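Take any residue in the sequence shown, note its place counting from 1, add 192, and you have its number in this note's numbering.
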Amino acid sequence: MAKTFSKLALSAAVAGLALGASAQQLEEVVVTAQKRTESLQDVPISVTAISGDQIAMNSIRSFSELGAYVPNFSVAENPVNTIITMRGISIGANQSFEQSVGLFLDGVYLGRSRQMRLGLFDLEQVEVLRGPQGILFGKNTLAGAVNVRSAAPEVGGDLTGRIAASFESDEGKYFEGHIAGSVSENVAVRFALMDREIDGYLENAAPNAAYPDQPTTDETIARIGLQWEPSDSTSVGLRYTYADYQRIGTNSLVSTFAPSLVDTDGDGARDTPFVPASNLAMYGVMGIAFPGFNASTFANNNTRDTYYDGLSIGGNAALEGGNGSERLAGTDTENHEFSLNITHEFNNGMKLTSVTGFSQYEYEDGIEADFLPVEFIGRSDDSEFDQFSQELRLESDMDGRFNWVVGANYVESTQEIDRMVSVDGTFGQPAVVAAITGGLPTILAYSPAQLAGIAAAFGLPPQALPVGVEGLTMWSRIGRLSRWTQDTDSWAIFAQGTWDITDRLSLTAGVRYTEETKKADAQTWLNDTVQGLATKTAYPEESLATGAFGNFLQQELQGAFFDSYAHEFVEERDTDQMIPAVSLNWKAADDHLLYASYTEGFK
Numbered sequence: 193m194a195k196t197f198s199k200l201a202l203s204a205a206v207a208g209l210a211l212g213a214s215a216q217q218l219e220e221v222v223v224t225a226q227k228r229t230e231s232l233q234d235v236p237i238s239v240t241a242i243s244g245d246q247i248a249m250n251s252i253r254s255f256s257e258l259g260a261y262v263p264n265f266s267v268a269e270n271p272v273n274t275i276i277t278m279r280g281i282s283i284g285a286n287q288s289f290e291q292s293v294g295l296f297l298d299g300v301y302l303g304r305s306r307q308m309r310l311g312l313f314d315l316e317q318v319e320v321l322r323g324p325q326g327i328l329f330g331k332n333t334l335a336g337a338v339n340v341r342s343a344a345p346e347v348g349g350d351l352t353g354r355i356a357a358s359f360e361s362d363e364g365k366y367f368e369g370h371i372a373g374s375v376s377e378n379v380a381v382r383f384a385l386m387d388r389e390i391d392g393y394l395e396n397a398a399p400n401a402a403y404p405d406q407p408t409t410d411e412t413i414a415r416i417g418l419q420w421e422p423s424d425s426t427s428v429g430l431r432y433t434y435a436d437y438q439r440i441g442t443n444s445l446v447s448t449f450a451p452s453l454v455d456t457d458g459d460g461a462r463d464t465p466f467v468p469a470s471n472l473a474m475y476g477v478m479g480i481a482f483p484g485f486n487a488s489t490f491a492n493n494n495t496r497d498t499y500y501d502g503l504s505i506g507g508n509a510a511l512e513g514g515n516g517s518e519r520l521a522g523t524d525t526e527n528h529e530f531s532l533n534i535t536h537e538f539n540n541g542m543k544l545t546s547v548t549g550f551s552q553y554e555y556e557d558g559i560e561a562d563f564l565p566v567e568f569i570g571r572s573d574d575s576e577f578d579q580f581s582q583e584l585r586l587e588s589d590m591d592g593r594f595n596w597v598v599g600a601n602y603v604e605s606t607q608e609i610d611r612m613v614s615v616d617g618t619f620g621q622p623a624v625v626a627a628i629t630g631g632l633p634t635i636l637a638y639s640p641a642q643l644a645g646i647a648a649a650f651g652l653p654p655q656a657l658p659v660g661v662e663g664l665t666m667w668s669r670i671g672r673l674s675r676w677t678q679d680t681d682s683w684a685i686f687a688q689g690t691w692d693i694t695d696r697l698s699l700t701a702g703v704r705y706t707e708e709t710k711k712a713d714a715q716t717w718l719n720d721t722v723q724g725l726a727t728k729t730a731y732p733e734e735s736l737a738t739g740a741f742g743n744f745l746q747q748e749l750q751g752a753f754f755d756s757y758a759h760e761f762v763e764e765r766d767t768d769q770m771i772p773a774v775s776l777n778w779k780a781a782d783d784h785l786l787y788a789s790y791t792e793g794f795k
């Protein structure tokens, strides 16, 4: 269902901030927070504007690093997703959700969290707008918006270029450069390239770890821009950005324990870290085979160590085949971002703007879900996203007492997510377990006798692996395959106007109407993977009735374990929403703006 968020704000301050800027510099800050070029001090919105030069000077490489310089804004990356938070508002880790903070690159809406992993370089300016921005920026901006403008080539300008390189901690290496210039009297081009490598800041203490330092990252971004001015009144800007972001490992710890706050033995010092009983049991079992895996490894809030095998069992999640081999925990995301901006100014001063955008990304994720030094639980995600958008805006000459902008917007997108959750009860040793038990279990679980043999072979007490449902426990290799397909079509019309009541008092009001259709097709299969995940044979829902999947107990055990049975869900939802905004603005002095505003956002 649609959700709206409203904000009533009363502000008495300079109407924005610029990183490292003095009062004199603030007078020169120009923003496009209201889809037109104007002074930051004239904008009745909470805005932080950071220039491309300031981003380069402060070595801000990503949106997560940008959060350290912007109040009430943060971007956090976890093994599953990227979470964008503004003023405490964010969404969960579902990759199919649009964010509550909209990202706009050269005027094109990028609503998925993966697109927030784009690195920051060769930019003209980044503007962070706090509060609902639904009138001019549209749906899914109920917490705010981030407006990014890449550096544009200058028509008629000289040939320019820049090369920069640096070394960072954890054996990090960074390179960026650009070259720009005019190729004719009315055409200019710009090419920029960035590459960044970091070995990782966490030490993986697991023996024979493929990557002892995690998370390792390798990021490459290339951008080409073309600016064409066929006449004094018409301008055409073309941008294409390619980005590849790879990360192996994760910045998540297995566990960490703080010292107790209580001195129970009277020695005048806090006691050793308190470790929950469930964790002690895990360390007791795993510590036999892996002596370094114990509570002391993670004591005293140790943030420098992790300990796990770093494999996401199951391999390629795509349903159209795949070899089922193991995948390193991490992510590989490839982005393609295209924008075409055309502006034409008429003789009467009105300006028409067209913004055409195409956005595409695909990623492969490996998520090591058990955080253990053995192969037990893993998840693999494969996703592809495609989006086309078109916006038209017409604005007045901005010279009268009443200035306005009207427009229409259309967005269509398709997203597919293939996901496989895998559980390997053999801990990555199917041949060893088969030899101990006389063959892999045929109903995806071990009998108590088989379990006792496994425990003895690993030097574990039988009670270390308790017997489960119906006298059966410890799965062999099983998996759940899911496919999510979502199609979205959305269109909107909007208008906003400002009436200058006096030279210092003005009233701004706007409205936006949106209609959206979402179609979703979700399918889930439970896999027959007794002999491993190599074949990845998927059994749909009807197999539960025909028995082709195996006996009833097998079906029930596997379905109960995943809390999900084979099924398909197809649904369509139509939504329409009208949202208003109004603000009363008083310029108390040349460098101070006071305003009271009411705005709504739509998600």
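Every residue gets a Cβ at the ideal spot worked out from N, C-alpha and C, and that includes glycine.
As the structure is a computational prediction, the values presented were derived from the model and not from experiment.
| Check | Outcome |
| --- | --- |
| Glycine 793 beta carbon less than 8 Å from that of leucine 334 | yes |
| C-beta atoms of threonine 224 and asparagine 339 nearer than 8 Å | yes |
| Chain-order list of residues whose beta-carbon lies under 6 Å from that of threonine 409 (same chain, five-residue window excluded) | Ile390, Arg439 |
| Backbone CA spacing between aspartate 350 and glutamate 421 [nearest angstrom] | 16 Å |
| Spatial distance of serine 251 from alanine 357 (CA atoms) | 11 Å |
| Cβ neighbours of glycine 311 in the same chain (closer than 8 Å, five flanking residues each side left out) | Arg253, Ser254, Met386, Arg388, Glu411, Ile413, Ala435, Tyr437 |
| Where arginine 704 falls: helix, strand or coil (DSSP) | strand |
| Integer-rounded CB distance, given that tryptophan 676 should sit under 8 Å from alanine 701 | Between tryptophan 676 and alanine 701 the Cβ distance is about 40 Å, and since that is not below 8 Å, they are no contact. |
| Continuous alpha helix (DSSP H) assignments of at least 4 residues falling wholly in the segment 263-331 | 326-329 |
| Serine 256, enclosing alpha helix (DSSP H) - first and last residue | 255-258 |
| Aspartate 234 (DSSP reduced to helix, strand or coil) | helix |
| Classification of valine 222 by the beta-carbon crowding that lies within 10 angstroms, buried from 16 upward | exposed |
| Distance between tryptophan 596 and aspartate 179 (C-alpha atoms, nearest Å) | Any property of residue 179 remains undetermined from this structure, which presents the chain solely from 193 to 795. |
| C-beta atoms of glycine 369 and glycine 441 nearer than 8 Å | no |
| Glutamate 290 and asparagine 332 closer than 8 Å at C-beta | yes |
| Residue environment, alanine 730, which counts as buried when at least 16 other CB atoms sit within 10 Å | At alanine 730, the pLDDT of 40 sits below 50, so the modelled position is not reliable and the matter cannot be decided from this model. |
| Near the ligand MG: tyrosine 790 beta-carbon under 7 Å from a heavy atom | Inclusion of the ligand MG in the displayed structure is not the case, the ligand content being empty and no account of it being possible. |
| Bridge partners - isoleucine 685, DSSP secondary structure assignment | Ala600, Tyr705 |
| Nearest-angstrom Cα separation, counted from glutamate 763 out to proline 324 | 29 Å |
| Cα-Cα separation, isoleucine 685 to threonine 525 | 33 Å |
| Bounding residues of the beta strand (DSSP E) (the contiguous stretch that carries glycine 348) | Premise fails: glycine 348 is in no beta strand (DSSP E) and is neither H nor E. |
| Nearest neighbour of glycine 689, chosen from Asp768, Ser588, Val603, Gln607 [CA to CA] | Ser588 |
| Contacting residues, own chain, Cβ-Cβ under 6 Å from aspartate 768 (five flanking each side not counted) | Glu707 |
| Bounding residues of the beta strand (DSSP E) (the contiguous stretch that carries methionine 590) | Premise fails: methionine 590 is in no beta strand (DSSP E) and is neither H nor E. |
| Exposed unless 16 or more other CB atoms sit within 10 angstroms - verdict on isoleucine 237 | buried |
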